[in-house]
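Student: There's a structure below that I have some questions on.
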Amino acid sequence: MIFVTKDEADYLRQNIKNVKIFKTCRLKNNGSNRGKRYAEETSAVVNLLAKYRAD
């Protein structure tokens, strides 16, 4: 699993049809630090993230 930001998760969803992105801990005590997002570690995801992060 690869940690991704909200913007990266949106980008992945737009470009890969069936990408699996998981969000942990939907709500903590005071609502701060909401869930972390993780994407499956496939070659398509890794390549697309590398391209997105390079820009």
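Using our numbering, read the sequence shown as starting at 1 and increasing by one per residue. For each residue, glycine too, the CB sits at the ideal point set by N, CA and C.
If contacts are defined as beta-carbon pairs under 8 Å, then Lys17 and Arg37 qualify, I think. What distance do you get, rounded to the angstrom?
Tutor: No, Lys17 and Arg37 are not in contact; Cβ-Cβ is about 18 Å, not under 8 Å.
Student: Classify Val45 as buried or exposed, calling it buried when 16 or more other Cβ atoms lie within 10 Å of its own Cβ.
Tutor: Looking at its Cβ environment, which holds 16 or more other Cβ atoms inside 10 Å, Val45 is buried.
Student: Leaving out the 5 sequence neighbours to the left and right, which residues in its chain are closer than 6 Å to Cys25 when beta-carbon positions are compared?
Tutor: Excluding sequence neighbours, Cys25 sits near Gly35.
Student: Ignore the nearest five residues each way along the sequence and tell me which others in Lys23's own chain have a CB closer than 6 Å to its CB.
Tutor: So the qualifying residues of the chain are Gly35, Arg37.
Student: Assign Glu8 to buried or exposed, taking buried as 16 or more other Cβ atoms, counted over all protein chains shown, within 10 Å of its Cβ.
Tutor: By the 10 Å Cβ count, Glu8 comes out buried.
Student: Could you spell out where the beta strand (DSSP E) holding Val4 opens and where it closes?
Tutor: Residues 2 to 4.
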